[in-house]
Amino acid sequence: MTLYFITGNEGKFNDSKKFFPNIQQLDIDLPEIQGIDSKKIIKEKIKGAFEHVEGEFIVEDTSLSFDCLNGLPGPLIKWFEKSLGNEGLVEIVEKLGNNRAEAKITLGYARNRDEIHYFDGSIKGKIVPPRGEHGFGWDPIFEPEGYSKTLADMTREEKNLMSMRKIAMEKLKRFLEEN
(Lines of atoms letter the chains of each structure in order from A and count residues from 1; the text may use other names and numbers.)
(Lines give C-alpha, C1' and ligand atoms only; values in the text may rest on other atoms or scores of the structure.)
Protein backbone atom coordinates (compact mmCIF):
# COMPACT_ATOMS: atom_id res chain seq x y z
CA MET A 1 0.00 0.00 0.00
CA THR A 2 1.14 3.55 -0.72
CA LEU A 3 2.17 5.87 2.11
CA TYR A 4 0.92 9.45 1.61
CA PHE A 5 2.00 12.62 3.38
CA ILE A 6 -0.85 15.08 3.18
CA THR A 7 0.69 18.51 2.98
CA GLY A 8 0.78 21.41 0.59
CA ASN A 9 4.23 22.37 1.88
CA GLU A 10 6.92 21.14 -0.50
CA GLY A 11 9.66 21.65 2.12
CA LYS A 12 7.93 19.45 4.67
CA PHE A 13 7.35 16.81 2.01
CA ASN A 14 10.99 16.85 0.89
CA ASP A 15 12.11 16.48 4.52
CA SER A 16 9.91 13.39 4.86
CA LYS A 17 11.45 11.75 1.79
CA LYS A 18 14.73 11.39 3.71
CA PHE A 19 12.93 8.94 6.01
CA PHE A 20 10.48 7.45 3.52
CA PRO A 21 11.94 7.59 -0.03
CA ASN A 22 8.78 6.14 -1.63
CA ILE A 23 6.34 8.44 0.14
CA GLN A 24 3.90 10.36 -2.05
CA GLN A 25 2.54 13.83 -1.47
CA LEU A 26 -1.14 14.60 -1.49
CA ASP A 27 -2.03 18.27 -1.52
CA ILE A 28 -5.59 18.10 -0.20
CA ASP A 29 -7.30 20.92 1.61
CA LEU A 30 -8.35 19.14 4.81
CA PRO A 31 -10.64 20.56 7.48
CA GLU A 32 -8.66 21.78 10.44
CA ILE A 33 -10.54 22.20 13.67
CA GLN A 34 -9.20 24.86 15.99
CA GLY A 35 -8.16 23.92 19.49
CA ILE A 36 -5.22 23.22 21.74
CA ASP A 37 -5.20 19.41 21.45
CA SER A 38 -3.01 18.39 18.48
CA LYS A 39 -4.27 14.82 18.57
CA LYS A 40 -7.89 15.92 18.10
CA ILE A 41 -6.82 18.18 15.23
CA ILE A 42 -4.95 15.31 13.56
CA LYS A 43 -7.79 12.85 14.06
CA GLU A 44 -10.15 15.20 12.20
CA LYS A 45 -7.59 15.72 9.42
CA ILE A 46 -7.26 11.96 8.97
CA LYS A 47 -11.05 11.53 8.89
CA GLY A 48 -11.11 14.14 6.15
CA ALA A 49 -8.30 12.42 4.24
CA PHE A 50 -10.25 9.16 4.04
CA GLU A 51 -13.06 11.09 2.34
CA HIS A 52 -10.68 11.65 -0.60
CA VAL A 53 -8.58 8.49 -0.96
CA GLU A 54 -7.83 5.17 0.72
CA GLY A 55 -4.29 4.41 1.83
CA GLU A 56 -1.82 4.93 4.63
CA PHE A 57 -1.54 8.59 5.64
CA ILE A 58 0.73 10.92 7.53
CA VAL A 59 -0.63 14.29 8.61
CA GLU A 60 1.08 16.87 10.78
CA ASP A 61 0.20 19.53 13.29
CA THR A 62 2.75 22.12 14.39
CA SER A 63 2.69 24.02 17.68
CA LEU A 64 4.68 26.80 19.28
CA SER A 65 4.03 27.11 23.01
CA PHE A 66 5.12 30.04 25.17
CA ASP A 67 5.90 29.45 28.83
CA CYS A 68 4.59 32.93 29.67
CA LEU A 69 1.17 32.00 28.24
CA ASN A 70 0.93 28.57 29.90
CA GLY A 71 1.43 26.77 26.58
CA LEU A 72 -0.50 29.06 24.27
CA PRO A 73 -0.60 29.63 21.37
CA GLY A 74 0.27 25.95 20.85
CA PRO A 75 -1.55 24.63 17.75
CA LEU A 76 -3.12 28.06 17.31
CA ILE A 77 0.27 29.58 16.40
CA LYS A 78 -0.71 29.98 12.73
CA TRP A 79 -3.55 32.31 13.72
CA PHE A 80 -1.54 34.19 16.36
CA GLU A 81 1.20 34.77 13.80
CA LYS A 82 -1.28 35.90 11.11
CA SER A 83 -2.94 38.32 13.54
CA LEU A 84 0.09 39.67 15.38
CA GLY A 85 3.05 38.96 13.11
CA ASN A 86 6.36 37.74 14.45
CA GLU A 87 7.10 41.16 15.93
CA GLY A 88 3.85 41.04 17.91
CA LEU A 89 4.68 37.58 19.24
CA VAL A 90 8.09 38.83 20.39
CA GLU A 91 6.42 41.83 22.03
CA ILE A 92 4.16 39.52 24.08
CA VAL A 93 7.04 37.54 25.59
CA GLU A 94 9.05 40.70 26.22
CA LYS A 95 6.12 42.35 28.04
CA LEU A 96 5.53 39.23 30.14
CA GLY A 97 9.25 38.83 30.91
CA ASN A 98 9.61 35.19 29.86
CA ASN A 99 10.78 34.22 26.38
CA ARG A 100 11.02 30.44 26.95
CA ALA A 101 9.15 28.37 24.36
CA GLU A 102 8.76 24.89 22.90
CA ALA A 103 8.32 24.01 19.24
CA LYS A 104 6.44 20.76 18.70
CA ILE A 105 5.24 18.63 15.83
CA THR A 106 2.74 15.84 16.18
CA LEU A 107 2.54 13.40 13.31
CA GLY A 108 -0.56 11.31 12.86
CA TYR A 109 -0.24 8.03 11.00
CA ALA A 110 -3.25 5.98 9.94
CA ARG A 111 -3.39 2.62 8.21
CA ASN A 112 -7.16 2.76 8.20
CA ARG A 113 -9.99 4.81 9.67
CA ASP A 114 -9.83 3.08 13.05
CA GLU A 115 -6.07 2.88 13.67
CA ILE A 116 -4.31 6.19 14.31
CA HIS A 117 -0.87 6.47 15.90
CA TYR A 118 0.74 9.70 17.11
CA PHE A 119 4.43 10.65 17.14
CA ASP A 120 5.74 13.81 18.79
CA GLY A 121 8.94 15.71 18.26
CA SER A 122 9.79 18.82 20.25
CA ILE A 123 12.64 21.19 20.92
CA LYS A 124 12.91 23.80 23.62
CA GLY A 125 14.20 27.28 22.96
CA LYS A 126 13.37 30.93 23.26
CA ILE A 127 11.56 33.65 21.35
CA VAL A 128 13.91 36.32 20.02
CA PRO A 129 13.60 39.35 17.71
CA PRO A 130 13.18 38.18 14.09
CA ARG A 131 16.27 37.31 12.10
CA GLY A 132 17.26 34.96 9.33
CA GLU A 133 16.36 34.40 5.70
CA HIS A 134 15.35 30.73 5.60
CA GLY A 135 12.26 28.83 6.69
CA PHE A 136 8.78 30.22 7.03
CA GLY A 137 6.18 31.28 9.58
CA TRP A 138 7.69 31.77 13.00
CA ASP A 139 11.13 30.32 12.15
CA PRO A 140 12.72 33.82 12.38
CA ILE A 141 11.79 34.20 16.07
CA PHE A 142 12.55 30.71 17.46
CA GLU A 143 16.08 30.04 18.70
CA PRO A 144 16.58 26.43 19.85
CA GLU A 145 18.43 25.73 23.11
CA GLY A 146 22.15 25.31 22.58
CA TYR A 147 22.17 27.37 19.37
CA SER A 148 22.88 31.02 18.67
CA LYS A 149 20.82 30.91 15.47
CA THR A 150 17.10 31.04 14.88
CA LEU A 151 15.52 28.34 12.72
CA ALA A 152 15.47 30.94 9.93
CA ASP A 153 19.23 31.56 10.37
CA MET A 154 19.92 27.86 9.77
CA THR A 155 20.29 26.21 6.42
CA ARG A 156 17.78 23.44 5.68
CA GLU A 157 20.56 20.91 6.34
CA GLU A 158 21.41 22.43 9.74
CA LYS A 159 17.74 22.58 10.74
CA ASN A 160 17.14 18.98 9.65
CA LEU A 161 19.88 17.73 11.97
CA MET A 162 17.96 18.83 15.06
CA SER A 163 14.39 19.69 14.11
CA MET A 164 11.24 18.55 15.83
CA ARG A 165 10.07 17.07 12.49
CA LYS A 166 13.21 14.91 12.36
CA ILE A 167 12.53 13.62 15.89
CA ALA A 168 8.91 12.74 15.10
CA MET A 169 9.77 11.18 11.71
CA GLU A 170 12.43 8.98 13.34
CA LYS A 171 9.84 7.72 15.84
CA LEU A 172 7.38 6.97 13.04
CA LYS A 173 10.05 5.19 10.99
CA ARG A 174 10.96 2.94 13.95
CA PHE A 175 7.28 2.16 14.50
CA LEU A 176 6.77 1.20 10.86
CA GLU A 177 9.89 -0.98 10.84
CA GLU A 178 8.68 -2.84 13.95
CA ASN A 179 5.05 -3.17 12.82
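Per the numbering used here, the sequence shown starts with residue 1, numbered consecutively. We put the CB at the ideal spot given by N, CA and C, even for glycine. Everything numeric in this text was worked out from a predicted model, so none of it was measured.
Please report the distance separating the alpha-carbon of Tyr-4 from that of Leu-64. Within the sequence shown, residue 4 is the residue found at index 4, counting from 1. Within the sequence shown, residue 64 is the residue found at index 64, counting from 1. Between Tyr-4 and Leu-64, the alpha-carbon positions lie close to 25 Å from each other.
Starting from Ala-101, follow the beta strand (DSSP E) in both directions and report where the run begins and ends. Counting from one through the sequence shown, the residue named residue 101 turns up at place 101. Start and end: 100–112.
Work out the CA separation of Thr-155 and Asn-98 for me, nearest whole Å. Reading the sequence shown from its first residue, position 98 is the one you call residue 98. Reading the sequence shown from its first residue, position 155 is the one you call residue 155. The straight-line gap from Cα to Cα measures roughly 27 Å.
If you pair each beta-carbon of the region 6–24 with each one of the region 86–101, do three or more pairs fall below 8 Å? Contact between the region 6–24 and the region 86–101 is absent, because fewer than three Cβ pairs lie under 8 Å.
Measuring alpha carbon to alpha carbon, tell me which of Trp-138, Gly-137, Glu-158 ends up nearest Tyr-147. Residue 147 sits at position 147 when you count from the first residue of the sequence shown. With distances taken between Cα atoms, Tyr-147 lies closest to Glu-158.
Which first and last residues belong to the alpha helix (DSSP H) in which Ser-16 is found? Your numbering for residue 16 matches position 16 in the sequence shown. From DSSP, the alpha helix (DSSP H) with Ser-16 extends over 10–17.
In DSSP terms, what Lys-124 is bridged to: Counting from 1 along the sequence shown, the entry for residue 124 is found at position 124. Looking at the DSSP assignment, Lys-124 forms a beta bridge with Glu-102.
Can you name, in chain order, every residue of its own chain whose Cβ lies under 6 Å from the Cβ of Glu-145, other than the five neighbours on each side? Counting from 1 along the sequence shown, the entry for residue 145 is found at position 145. Only residues of its own chain outside the window of five on either side were considered, and among them Lys-124, Gly-125 have a CB closer than 6 Å to the CB of Glu-145, listed in chain order.
Mark Pro-31 as exposed unless 16 or more other C-beta atoms lie within 10 angstroms of its C-beta, in which case mark it buried. For this step, residue 31 is matched to residue 31 along the sequence shown. By the 10 Å Cβ count, Pro-31 comes out exposed.
On the DSSP bridge assignment, give the partners of Ser-163 in chain order. Taking the first residue of the sequence shown as position 1, residue 163 is located at position 163. Residue pairing by DSSP leaves Ser-163 without any beta bridge partner.
Mind checking which residues open and close the beta strand (DSSP E) that includes Leu-96? Indexing the sequence shown from 1 puts residue 96 at position 96. Unbroken run through Leu-96 is the alpha helix (DSSP H), 77–96; no beta strand (DSSP E).
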